[in-house]
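Have a look at the structure below, then the notes.
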Amino acid sequence: MIKLESNINTSNQEFLNNKQEYLKIIEVFKQRLAQTQSGGTPEAVLKHKQRGKLLARERISLLIDAHTPFLELSALAAFGQKNDAFPSAGIVTGIGVIHGRETVVIANDATVKGGTYMKETIKKHVRAQEIALENHLPCVYLVDSGGAFLPEQDTVFPDKYDFGRFFFNQAQLSAKGIAQIAIVMGSCTAGGAYVPAMCDETIIVRNQGTIFIGGPPLVKAATGEEVSAEELGGAVVHTSISGVADHIAENDEHALMICRNIFETLKVTHRQKLDCKEIEEPLYDARELYGFAPINLKKPIDAKEIIARLVDGSKFHEFKEQYAPTIVTGFAHIKGFPVGIIANNGVIFSETALKAAHFIELCTQRKVPLIFLQNITGFIVGKEYEHKGIARDGAKMVHAVATANVPKFTVVVGGSFGAGNYAMAGRAFEPRLLFMWPNAKISVMGGEQAANVLITVKKEQLTAQGKTLSQTDEEQLRKQILDKYELEGSAYYSTSRLWDDGIIDPAETRNYLALGISMSLNKPFPEPNNGVFRM
Ligand code: COA
Numbered sequence: 048m049i050k051l052e053s054n055i056n057t058s059n060q061e062f063l064n065n066k067q068e069y070l071k072i073i074e075v076f077k078q079r080l081a082q083t084q085s086g087g088t089p090e091a092v093l094k095h096k097q098r099g100k101l102l103a104r105e106r107i108s109l110l111i112d113a114h115t116p117f118l119e120l121s122a123l124a125a126f127g128q129k130n131d132a133f134p135s136a137g138i139v140t141g142i143g144v145i146h147g148r149e150t151v152v153i154a155n156d157a158t159v160k161g162g163t164y165m166k167e168t169i170k171k172h173v174r175a176q177e178i179a180l181e182n183h184l185p186c187v188y189l190v191d192s193g194g195a196f197l198p199e200q201d202t203v204f205p206d207k208y209d210f211g212r213f214f215f216n217q218a219q220l221s222a223k224g225i226a227q228i229a230i231v232m233g234s235c236t237a238g239g240a241y242v243p244a245m246c247d248e249t250i251i252v253r254n255q256g257t258i259f260i261g262g263p264p265l266v267k268a269a270t271g272e273e274v275s276a277e278e279l280g281g282a283v284v285h286t287s288i289s290g291v292a293d294h295i296a297e298n299d300e301h302a303l304m305i306c307r308n309i310f311e312t313l314k315v316t317h318r319q320k321l322d323c324k325e326i327e328e329p330l331y332d333a334r335e336l337y338g339f340a341p342i343n344l345k346k347p348i349d350a351k352e353i354i355a356r357l358v359d360g361s362k363f364h365e366f367k368e369q370y371a372p373t374i375v376t377g378f379a380h381i382k383g384f385p386v387g388i389i390a391n392n393g394v395i396f397s398e399t400a401l402k403a404a405h406f407i408e409l410c411t412q413r414k415v416p417l418i419f420l421q422n423i424t425g426f427i428v429g430k431e432y433e434h435k436g437i438a439r440d441g442a443k444m445v446h447a448v449a450t451a452n453v454p455k456f457t458v459v460v461g462g463s464f465g466a467g468n469y470a471m472a473g474r475a476f477e478p479r480l481l482f483m484w485p486n487a488k489i490s491v492m493g494g495e496q497a498a499n500v501l502i503t504v505k506k507e508q509l510t511a512q513g514k515t516l517s518q519t520d521e522e523q524l525r526k527q528i529l530d531k532y533e534l535e536g537s538a539y540y541s542t543s544r545l546w547d548d549g550i551i552d553p554a555e556t557r558n559y560l561a562l563g564i565s566m567s568l569n570k571p572f573p574e575p576n577n578g579v580f581r582m
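Under our numbering, the first residue of the sequence shown carries the number 48, and numbering increases by one thereafter.
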């Protein structure tokens, strides 16, 4: 493979200015992350600790193998919503390694509104289970939750992907032989009781964990019976009378150890084999990405400069280098794993879409995971291009992306606008993981374009009524739309609503992608659906 040579001058003023600005963006990101990961209010954290309980993230670090990373997902879920009363949406999810096995961990944070589930909590839980299903990863549920956040029952209870979906998913996962293990480390009330009850194997902590369909106040109101929580559904009841749980633990640490022991008994699974190489560091420092990562999306950046800082030895075997240069396609390795990379290098024309579709087919035939680096304003517009059938050629790319049956991973490095988002494996196209850089922007179109479209529509409406739009009204409308798009297009807005799996530091992209690829190998890749159509 050819080594990419960077044309970036790291001492040039433009690079230094961008880097200085970008370091501020990183600083804000890290502050927000640290604040969020500290969990609920200091009072709630203190109360939790005084009860002898470990915090959600402490539990996870004892559960997973020592010195292995935990790939936390959507840490900033619910950020900026509901007065930030739900840090991380009150639940920690991610992928960690237990006895060498990549596992999805779903841990309630009881310091956040008693670990109850609001809309984003539900979305995060369901998304983690989806990742388990797509990649055949066992699940561990660290349960410590008051169940549904009752004031907002209409957004958490009845719909297809609401609370009930947890149990449907558990049954589906278990039926596919994907282990489901729960540790009841606190409250587990009402519908929540089904999380441990639906698991293959369940552990409960003495004098701490409780499982009941209706808690003591509800029982009293319904039947008049007075009963303590422990008598109704504590650890002794469930491990010696009801049989709802299988193992009793003395405390959090003991429970986590029992869970690790269970992992030693799980069945052996077969991983997809890839032609892996020795790991090599890229020739260029990943932190150089700060010097040209697009803060101003109008400024074009050379996709190969990003690739040179992500792939092993900065080695890249480019496909169709001379053809349709607004997309860069080629093979490389990331931490030894072979990958096919598709990176935007400008707007998508017909030939761009065809080149990408052809390359996707090569990757599916060769069983090589696909990485999409999104920085896309969209498809080319205009009469010439419509006449040439941009919609038909674009559809070929979208079709190839949708049906590619190798794992896909998407990183939004700049803009993600319009149908470009779809063609580049946006959320709807089921990449195994999708990350945003903190500078990234996502919306149906750019704010300025949206403002121009809406002003044109308004003017045409008024003209039809014999009226005109005043300059002041036009400016006011423009400002309203620009402000709205600026807010809603931000990576924080996206990650808060789980349109992605998290915001990541660009310098960490390589690590996230390697962990993602490794995780995806737990489910062998199916055979390709068709041959390679030369477009
Ligand atoms: N819906 C909405 N808010 C809830 C809640 C629920 N189901 N359960 C707890 N909360 C809130 C509390 O109002 C409190 O909010 P605040 O911090 O703004 O004051 C916070 O969560 C912590 O609750 P608190 O009772 O002080 O904490 P705790 O650790 O002593 O007890 C629970 C936590 C979950 C065991 C307890 O609150 C409880 O039993 N809740 C009801 C559970 C239930 O019946 N759920 C039915 C779901 S279908």
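Note that beta-carbon positions come from the ideal geometry of N, C-alpha and C, so glycine has one too.
Per DSSP, what kind of secondary structure is residue i in: helix, strand or coil?
i, result
"T510", "helix"
"G87", "coil"
"L101", "coil"
"Q592", "The displayed coordinates of the chain run from 48 to 582. Any statement about residue 592 would go beyond what the structure contains."
"E248", "strand"
"G461", "strand"
"E311", "coil"
"K488", "strand"
"A269", "helix"
"Y69", "helix"
"I258", "coil"
"Q421", "strand"
"G143", "strand"
"E325", "coil"
"A282", "helix"
Are residue i and residue j close, meaning C-beta to C-beta below 8 Å?
i, j, result
"D349", "H380", "no"
"V152", "I107", "yes"
"Q217", "C246", "yes"
"M165", "V139", "no"
"I295", "I251", "yes"
"L51", "S541", "no"
"K160", "F133", "yes"
"I395", "T373", "yes"
"I418", "L330", "no"
"I564", "H364", "no"
"V291", "P243", "yes"
"L220", "L265", "no"
"L197", "I145", "no"
On the CB-based measure, 16 or more other CB atoms within 10 Å of its CB, does residue i come out buried or exposed?
i, result
"D201", "exposed"
"Q227", "buried"
"V604", "The displayed coordinates of the chain run from 48 to 582. Any statement about residue 604 would go beyond what the structure contains."
"Y337", "buried"
"K176", "One point to set straight first is that residue 176 is Gln, not Lys, in the sequence displayed. The residue in question, Q176, is buried, as its Cβ has 16 or more Cβ neighbours within 10 Å."
"V173", "buried"
"L583", "Since the first and last residues shown for the chain are 48 and 582, residue 583 lies out of range."
"E167", "buried"
"H405", "buried"
"Q255", "buried"
"N569", "buried"
"G141", "buried"
"A113", "exposed"
Pull up the distance between the alpha-carbon of residue i and that of residue j, whole angstroms please.
i, j, result
"F310", "G462", "42 Å"
"E495", "G465", "13 Å"
"T572", "N182", "Here residue 572 is Phe; the residue named in the question, Thr, does not match the sequence. Going from the Cα of F572 to the Cα of N182 covers about 10 Å."
"Q421", "N468", "7 Å"
"A472", "N452", "13 Å"
"V491", "T424", "10 Å"
"K170", "G211", "12 Å"
"N155", "I551", "22 Å"
"I326", "T376", "21 Å"
"A390", "F366", "12 Å"
"K488", "F476", "18 Å"
8 Å is my cut-off, CB to CB: does residue i come that close to chain D?
i, result
"N155", "The structure shown contains no chain D; it is built from a single protein chain."
Touch test, the region 112-119 against the region 89-103, Cβ-Cβ under 8 Å, three pairs minimum: no
At least 3 beta-carbon pairs within less than 8 Å: the region 73-83 vs the region 379-394: no
Stretch pair the region 451-459 + the region 479-486: three plus CB contacts closer than 8 Å: yes
Cβ contact (3+ pairs, closer than 8 Å) linking the region 320-330 and the region 396-411: no
Touch test, the region 231-239 against the region 185-196, Cβ-Cβ under 8 Å, three pairs minimum: yes
The region 515-529 contacting the region 290-306, beta-carbon criterion three pairs below 8 Å: no
The region 272-279 contacting the region 252-259, beta-carbon criterion three pairs below 8 Å: yes
Stretch-stretch touch, CB-based, cutoff 8 Å, three pairs: the region 61-68 with the region 132-146: no
Sufficient close CB pairs (3 or more, under 8 Å) joining the region 436-443 to the region 409-419: no
Inter-stretch contact (C-beta, 8 Å, three-pair minimum) for the region 495-509 and the region 528-537: yes
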